[in-house]
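In my numbering, each number is its position in the sequence shown, counted from 1, plus 8. For glycine and all other residues, C-beta sits at the position ideal for the given N, C-alpha and C. Note that this is a predicted model, so its numbers are computed, not measured. Report on one structure; see the data block that follows.
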Amino acid sequence: MNEETFLWHDFETFGADPRRDRPAQFAAQRTDAELRPVGDPIMIYCRPADDVLPQPMACLITGITPQTARERGVPENEFAAAVFQAMAEPNTCSVGYNNFRFDDEVTRHLFWRNFIDPYRREWADGNSRFDLIDLLRMMRALRPDGLEWPDHPDGRPSFRLEDLAAANGFDTSNAHDALADVRATIELAQRIHELQPRLWEWSLSLRNRDKVVDLLSGGVPLLHASSRFPALPACGVAPVLPICKHPHIASQWIVWNLGVDPRPFLELDSAELADRFWTPSSDLPEGIERLPIKLVRSNRSPILAPMSVLHETRASALEILPPRVEDHARLLGRHPEFASRLAGLFQKPGGSDADPELDLYGGFPPRSDRPVMDRVLRMRPGELGDLDAPFVDERLNELLFRYRARLWPESLDASERARWEQFRQRRLREDPDLASIRLDEYRAALETLRLERPEAAAILQQLEEWPGEIGLPTP
């Protein structure tokens with residue numbers, strides 16, 4: 009059996025929306041369990057398609073223009089296959105920085121568009137995934153010695169990778185280059201492994217779903233690190249009490265932030281609770297507090313720990329007061345009917361009307377479609393047009409048409425070319441739900457950036473030319 013390895017990886021993308029924006033660059037470095045490099049690093053660019061525009065600011069941040077990616081890159085199907093090959097090697101833990109919330113969503117949607125199983129690399133053949141960012145939150149809160157911890161100008165702790173790298177003397181000359189970010193993430197992990205080996209091993213053990221479920225089933229307060237909690241005073245760490253399982257998703261648990269007194273919420277009816285939960289805090293009336301619950305996913309390596317690891321001095325600094333935590337937990341335990349009302353907030357979702365590319369979470373395709381998806385990957389471009397609605401899941405039939413149109417437009421007949429062009433124009437110019445930026449917004453952003461960022465004139469000129477290069481009208 010192969011020894012476990014870690015695949016440290018990062019995407020640079022043409023925007024911040026992992027469903028609608030496309031990858032520009034992927035980099036990875038494999039290490040062994042002691043975090044020593046294994047093999048050569050991976051660096052690959054993705055050739056952009058002609059049905060999506062880049063976010064101009066994303067190009068300024070990364071320095072990657074669509075022309076650069078076109079010159080250096082491979083088609084998206086080949087890019088996806090290379091990413092999958094690296095991640096799917098047996099006994100690989102795919103790990104990054106904030107990857108659960110961003111890079112893994114890029115990966116899943118990339119695979120979905122290209123007929124690769126979006127989830128298999130996460131669990132099959134001894135594989136797993138992990139994210140370093142919440143471990144850093146827990147370390148800063150509980151065991152901060154040994155690392156330098158940067159703050160934002162307003163005093164809030166910063167967990168931005170480039171800030172942590174700079175504060176700790178790592179090379180930051182190529183920040184937002186995917187391979188440079190991978191190397192910075194590995195250096196951070198090596199420091200944690202050296203400084204806090206028990207915290208490191210404990211956190212990795214939470215990749216085991218059964219262990220997480222045992223913790224959540226214990227009915228006792230736990231410490232939990234998450235970006236959902238305020239950065240001050242406890243660095244995104246809060247005491248929580250598991251209330252109940254999600255009524256429809258077995259891997260998810262509803263937890264209560266025990267730093268918040270439940271008394272003002274206990275008498276609220278279901279409609280009032282829903283308002284307090286689904287309304288953003290910024291939109292709630294002054295003096296009305298948002299419902300302090302969140303979901304914990306047992307299959308997403310949540311960073312949890314027993315309350316006993318919180319030393320008295322750190323508890324005081326973080327303003328986590330054990331007597332208050334215990335009082336709030338006892339109070340919630342005396343109101344089981346409240347847990348039922350909280351569970352009722354999460355109704356079973358109805359049918360989705362999302363575009364097929366954006367509807368990854370609209371349900372698993374039937375098993376009978378998986379062999380057809382595998383067959384698509386083996387077929388030559390000229391053969392794909394002979395497949396007439398081969399899938400039971402209609403989302404996949406539309407994805408197949410777009411897969412052909414993006415990668416092999418010469419395989420389309422006249423009616424298919426017209427259909428593709430109609431879709432392309434709708435996405436690029438009309439429908440705000442299909443793309444993160446439309447042509448009019450794109451040009452307005454460029455106009456603003458030309459005034460604000462004169463030093464970026466070369467990149468902005470390439471971005472100005474890009475719409476014409478993909479067949480859109482020039483102003």
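Item to check | Segment contact, 8 Å Cβ cut-off, at least three pairs: the stretch 129-144 with the stretch 294-314 | outcome: Counting Cβ pairs under 8 Å, three or more are found: they touch.
Checklist entry - Going by other Cβ atoms of all chains shown within 10 Å of its Cβ, with 16 needed for buried, is Phe-14 buried or exposed? => result Looking at its Cβ environment, which holds 16 or more other Cβ atoms inside 10 Å, Phe-14 is buried.
Checklist entry - Candidates Ser-235, Ile-251, Leu-480, Cys-252: which alpha carbon is nearest Gly-244's? => result Nearest option by C-alpha distance: Ser-235.
Next on the checklist: So within the stretch 306-392, which uninterrupted beta strand (DSSP E) runs reach at least 3 residues, ignoring any that extend past its ends?
Outcome noted: With a minimum length of 3 residues, the continuous beta strand (DSSP E) runs that stay inside the stretch 306-392 are 312-314.
Item to check | Closest Cα partner of Arg-78 within the set Pro-62, Glu-97, Cys-54, Asp-159 | outcome: Per the Cα distances, Cys-54.
Checklist entry - In whole angstroms, what is the alpha-carbon distance linking Glu-345 and Glu-449? => result Approximately 49 Å between the Cα atoms of the pair.
Checklist entry - Per DSSP, what kind of secondary structure is Leu-303 in: helix, strand or coil? => result Note: Leu-303 maps to strand in three-state DSSP.
Checklist entry - Are Leu-442 and Pro-64 close, meaning C-beta to C-beta below 7 Å? => result For the pair Leu-442 and Pro-64, the CB atoms are not nearer than the 7 Å cut-off.
Checklist entry - What are the partner residues of Arg-137, as DSSP defines its beta bridges? => result Answer by DSSP bridge pairing, in chain order: Ser-102.
Next on the checklist: Assuming contact is defined by CB atoms lying nearer than 7 Å, are Leu-169 and Ala-149 in contact in what I supplied?
Outcome noted: Not closer than 7 Å, so no.
Checklist entry - If you draw a straight line from the alpha carbon of Glu-334 to that of Asp-283, how long is it in whole angstroms? => result About 27 Å.
Checklist entry - Just how far apart, CA to CA, sit Pro-165 and Ala-239? => result Taking the straight line from one Cα to the other gives about 6 Å.
Next on the checklist: By the DSSP assignment, the beta strand (DSSP E) with Phe-34 in it spans what residues?
Outcome noted: Counting along the chain, the beta strand (DSSP E) containing Phe-34 begins and ends at 31-39.
Checklist entry - Using the beta-carbon count (16 or more within 10 Å), is Asp-18 buried or exposed? => result Asp-18 comes out buried.
Checklist entry - By how many angstroms is the C-alpha of Thr-287 removed from the C-alpha of Phe-354? => result Looking at the two C-alpha atoms, the distance is approximately 14 Å.
Checklist entry - Since Pro-250 contacts Leu-224 with CB under 8 Å, what's their CB separation in whole angstroms? => result Correct: roughly 4 Å between the Cβ atoms.
Item to check | Host alpha helix (DSSP H) of Leu-457 (start-end) | outcome: Leu-457 -> alpha helix (DSSP H) spans 447-460.
Checklist entry - Counting Cβ pairs, one atom from each stretch, are 3 or more of them under 8 Å apart for the stretch 119-139 and the stretch 90-106? => result In this structure the stretch 119-139 touches the stretch 90-106; the number of beta carbon pairs closer than 8 Å is three or more.
Next on the checklist: Mapping the DSSP letters down to three states, classify Gln-260 as helix, strand or coil.
Outcome noted: The answer is strand: DSSP assigns Gln-260 an E or B state.
Item to check | Closest by C-alpha distance to Met-147, when choosing among Glu-20, Leu-207, Gln-75 | outcome: Closest by C-alpha distance to Met-147, out of Glu-20, Leu-207, Gln-75, is Leu-207.
Checklist entry - Between Ala-66, Ser-289, Asp-58, Glu-424, which lies nearest to Glu-406 when the distance is taken from Cα to Cα? => result Comparing Cα-Cα distances from Glu-406 to each of Ala-66, Ser-289, Asp-58, Glu-424, the minimum goes to Glu-424.
Item to check | Close-in-space but distant-in-sequence residues of the same chain around Arg-80 (CB under 6 Å, 5 per side omitted) | outcome: Cβ-Cβ distances below 6 Å link Arg-80 to Tyr-53 in the same chain, with the five nearest sequence neighbours on each side left out; the list follows chain order.
Item to check | 3-residue-minimum beta strand (DSSP E) runs that sit fully inside the stretch 186-256, ordered along the chain | outcome: Runs of the beta strand (DSSP E) inside the stretch 186-256: 230-233, 245-253.
Next on the checklist: In chain order, what are the residue ranges of uninterrupted beta strand (DSSP E) at least 3 long that sit wholly in the stretch 130-174?
Outcome noted: Counting only runs of 3 or more, we get 136-139.
Next on the checklist: Rounded to whole angstroms, what is the Cα-Cα separation between Leu-144 and His-201?
Outcome noted: Straight-line Cα distance between these residues: approximately 12 Å.
Checklist entry - Anyone know if the C-beta pair for Asn-265 and Pro-300 falls short of 7 Å? => result Yes. Within cutoff.
Item to check | Contact set for Glu-374: own chain, Cβ-Cβ below 8 Å, skip 5 residues either direction | outcome: Checking the sequence, you will find Pro at residue 374 rather than Glu. For Pro-374, where only same-chain residues beyond five positions count, the Cβ hits under 8 Å are Val-400, Asp-401.
Checklist entry - So Leu-230 packs on Pro-49, CB below 8 Å; how close in whole Å? => result Contact between Leu-230 and Pro-49 fails: their C-beta atoms lie close to 37 Å from each other, not under 8 Å.
Next on the checklist: Distance check for Gln-430 and Asp-439, CA to CA, integer angstroms please.
Outcome noted: Taking the straight line from one Cα to the other gives about 12 Å.
Checklist entry - Buried or exposed: which applies to Asp-162, given that a residue is buried once 16 or more other Cβ atoms fall within 10 Å of its Cβ? => result With fewer than 16 other Cβ atoms within 10 Å, it is exposed.
Next on the checklist: Please classify Tyr-105 as buried or exposed, where buried requires at least 16 neighbouring CB atoms within 10 angstroms.
Outcome noted: Buried, since its Cβ has 16 or more Cβ neighbours within 10 Å.
Item to check | Buried versus exposed call for Ala-452 [16 or more other C-beta atoms within 10 Å across all chains shown] | outcome: Flag for Ala-452 reads exposed.
Checklist entry - Does the Cβ of Leu-292 have 16 or more other Cβ atoms within 10 Å, making it buried, or fewer, making it exposed? => result The residue in question, Leu-292, is exposed, as its Cβ has fewer than 16 Cβ neighbours within 10 Å.
Checklist entry - Hey, how far is the Cα of Thr-76 from the Cα of Leu-471? => result Straight-line spacing of the CA atoms in Thr-76 and Leu-471 works out to 11 Å.
Checklist entry - Can you name the residues that DSSP bridges to Asn-265? => result In DSSP, Asn-265 forms a bridge with Val-248.
Item to check | Cα-Cα separation between Ala-337 and Leu-447, rounded to whole angstroms | outcome: Ala-337 and Leu-447: Cα-Cα distance of roughly 52 Å.
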